[in-house]
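What follows is a single structure, written as structure tokens, with notes after it.
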Amino acid sequence: MTVLPKERVAAKGAKRRPRGKRPPALVALPAALVALAMVLPLLYLAIRASEAGLTEISEVVFDASSLEVLARSVLLAAVVTAVAVGIAVPLAWLTARTDLPGRRVWAVLAALPLVVPSYVGGLVLVSTLGPRGLLQGALAPLGVERLPSIYGLPGAALALSLFTYPYVFLTVRAALRGMDSSFEEAARSLGSGRWATFFRITLPQLRPAIVAGALLVALYALSDFGAVSLLHYDTFSAEIYIQYKSAFDRTPAAILALMLVVLVAAVLAVEHRTRGRANYGGRNSAVARPVPLGRWRLPALLFTGGVVSLALVLPVGILVYWLVRGLAAGETLESVWESAWNSVFVSGLAAGVAVLAALPVAVLAVRFPGRVSGFVERLSYVGFALPAIALALALVFFGSNYAPALYQTLALLVFAYVVHFLPQALGAIRAALLQARPSVEEAARSLGRGPLGVLATITVPLARNGLVAGAALVFLTTMKELPATLLLGPIEFDTLATEVWNATSGAFFARAAGPALLLILISAPPLYLLTIRDRVK
């Protein structure tokens, strides 16, 4: 019987993904336990809020201040997302598709602001542009007594936009590098100009990448705690923290946390409906020739250099200034080294646990696809949609009421990190397994090797790149995490993030500069491992 091409592809896919095969207990049971653990904080938060009753829930939800916080949070997320997209898309196009001088170096520098936490960006803005800041002091001899206020929406939006646009930049640049340029060349050969070709051909193909990056920016803006607190712009995260710290009854904080979760779920639903379908090309895609900038070369360099200066050079320079000033005034760095070790230790521990937890879920989803495995995989992503402040609050309630032995311990803190950042490790491992042929594992099983032996000697080596990338990504994000560390960290367990926060909250900028610079320095290598080595060639 003749096998048609479509039938041959289907048969090949069936061999790669045997739907009828039952996963071994060694994979299925740990994956199910991981999925259950990811859901527990959200369920407990819902139970804790439901204890208040419908009357109190309605009073909190429909209170004028709650609705105002909702509007402010949505406004901030919309502004930050729009600005980040406006910065990142042209920057990605310049570094991926044009003859911009030094575009490979600019691509590296443009991605590095991702290692700068938002609260460090807030510190730089307040110490530079705030009252009695560096700029005010420099302009005082010229008769400038007061600068426009940096606090509120302008400052918060600026800080978040400058340090979140790399999410869009990296996804769009990767899409541009993998896109088939034959469609653009065909449009130009038919008389379409470069601008018309970009808006009619290139931009529609970039929509999935833009939407994916914009989603990360919007979620970051909605869940941010550090920058909005330092710049006095009340959003859900800041309001939840205030309610938790100041109110005797913490039920309103739980209700506000659920409101934030619902808002995040709405954003995810909008993203799902607008993402489009990515179709960048294949193995034989035509490689685009660099577009000559001509007379636009200088403006392009000014734009690229300006973004890098504002988002990377200026913050690092300001921090170095405050560090030198603090050391000259007698500040010491003794406590910084202990905090640095704590940060590296807890981040490495979270990265290792997250990779171990994500591995069985990834194997179940890729090697044994089906409704059950798909459901388990989707449950594992719940923690990503749960903002850190809401997750921490749920675990505070749980630990203080039902597990006091775990409350404010390193184990509960690491659990919070793993719940929140597990999807990052899961995505990297899943991608690595999809690229690896399952025939090697099947051959090992046919030779009598057990499930544990196949997992240890075949599957793990096949997914090695994904394991390393997932661990690096979890390590990077854990290093920067602030609200979960503040609420769940053990007593006297300071990290670089909490050192920066505590010093900045008291306006001790010189004291905050050392841990902030060290945090950026330690976070840079994982970012290089994740994004630069493979993308800039």
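The sequence shown maps to residues 5 to 541 in the working numbering.
C-beta: ideal position from N, C-alpha, C; glycine also.
Supposed close pair residue i, residue j - CB separation, criterion 8 angstroms
i      : j      : result
Asn346 : Asp498 : 6 angstroms
Leu522 : Val324 : The Cβ separation is near 12 angstroms, so there is no contact.
Ile259 : Ser131 : Between Ser131 and Ile259 the Cβ distance is about 35 angstroms, and since that is not below 8 angstroms, they are no contact.
Phe167 : Val215 : Not a contact, Cβ separation roughly 20 angstroms.
Ala362 : Ile433 : 5 angstroms
Pro45  : Leu395 : 5 angstroms
Gly403 : Leu416 : 6 angstroms
Ala355 : Ala475 : 4 angstroms
Thr85  : Ala225 : 7 angstroms
Tyr48  : Phe419 : Contact doesn't hold; Cβ gap of about 13 angstroms is too wide.
Reduced DSSP category for residue i - H, G, I as helix; E, B as strand; rest coil
i      : result
Val295 : strand
Thr413 : coil
Ala290 : For Ala290, the predicted structure reports a pLDDT of 49, less than 50, and the residue's modelled location is therefore unreliable. The matter cannot be settled from this model.
Thr102 : strand
Pro408 : coil
Val120 : coil
Arg544 : This structure cannot settle anything about residue 544, because the visible part of the chain is limited to 5 through 541.
Leu147 : Note that residue 147 is Gly in the sequence shown, not Leu. The answer is coil: DSSP assigns Gly147 none of H, G, I, E or B.
Tyr248 : helix
His424 : helix
Arg76  : helix
Tyr224 : helix
Ser509 : helix
Pro373 : coil
Ala282 : Interpretation of Ala282 is limited by its pLDDT of 48, a score under 50 that renders its predicted location unreliable; the figure taken from the coordinates is listed afterwards. Correct three-state label for Ala282: coil.
Phe167 : helix
Thr499 : coil
Ile154 : coil
Tyr532 : helix
Pro465 : helix
Gly470 : helix
Gly352 : helix
Glu55  : coil
Among the options, nearest to residue i - alpha-carbon criterion
i      : options                        : result
Leu306 : Ile91, Leu40, Pro529           : Ile91
Val93  : Leu180, Gly321, Leu74          : Leu180
Pro52  : Ala407, Leu80, Leu399, Ala29   : As written in the sequence, residue 52 is Arg, which differs from the Pro given in the question. For Arg52, the nearest C-alpha among the options comes from Leu399.
Arg76  : Leu162, Ala218, Leu44, Val232  : Val232
Glu65  : His236, Leu395, Met263         : The displayed chain sequence assigns Val, not Glu, to residue 65. Nearest of His236, Leu395, Met263 to Val65, Cα basis: Met263.
Met483 : Phe425, Leu71, Ala436          : Phe425
Leu486 : Ala41, Gly230, Ile61           : Gly230
Ala39  : Leu416, Thr99, Ala366          : Ala366
Val221 : Ala178, Leu207, Val266, Leu162 : Leu162
Leu113 : Pro158, Leu151, Thr85, Leu314  : Leu314
Gly156 : Leu133, Val265, Thr206         : Leu133
Glu243 : Val265, Ser69, Leu146          : Ser69
Met42  : Val265, Val380, Thr508, Gln412 : Val380
Val317 : Ala115, Leu368, Pro427         : Ala115
Ser227 : Ser62, Phe388, Ala144, Leu58   : Phe388
Inter-residue Cα distance where the pair is residue i and residue j
i      : j      : result
Pro364 : Gly106 : 43 angstroms
Val422 : Gly309 : 37 angstroms
Val128 : Ser527 : 18 angstroms
Ile495 : Ala488 : 14 angstroms
Ala358 : Ala32  : 17 angstroms
Leu492 : Val89  : 34 angstroms
Leu302 : Val312 : 15 angstroms
Thr299 : Leu95  : Note that residue 299 is Arg in the sequence shown, not Thr. Their Cα atoms are separated by approximately 17 angstroms.
Asp238 : Arg211 : 31 angstroms
Pro117 : Thr99  : 16 angstroms
Tyr248 : Val320 : 33 angstroms
Glu72  : Gly374 : 44 angstroms
Ala511 : Leu234 : 10 angstroms
Tyr532 : Val386 : 28 angstroms
Ala142 : Ile154 : 17 angstroms
Pro256 : Glu60  : 8 angstroms
Leu397 : Tyr169 : 28 angstroms
Pro465 : Lys25  : 23 angstroms
Gly286 : Gln209 : Because Gly286 sits at a pLDDT of 46, beneath the cut-off of 50, its placement in the model cannot be relied upon, and the following sentence gives the value as read from the coordinates. C-alpha separation (whole angstroms): 14 angstroms.
Glu342 : Leu138 : 30 angstroms
Ala111 : Asn405 : 49 angstroms
Within-8 angstroms CB hit, residue i to chain B
i     : result
Ser69 : Of the protein chains in this structure there is only one, and it is not chain B.
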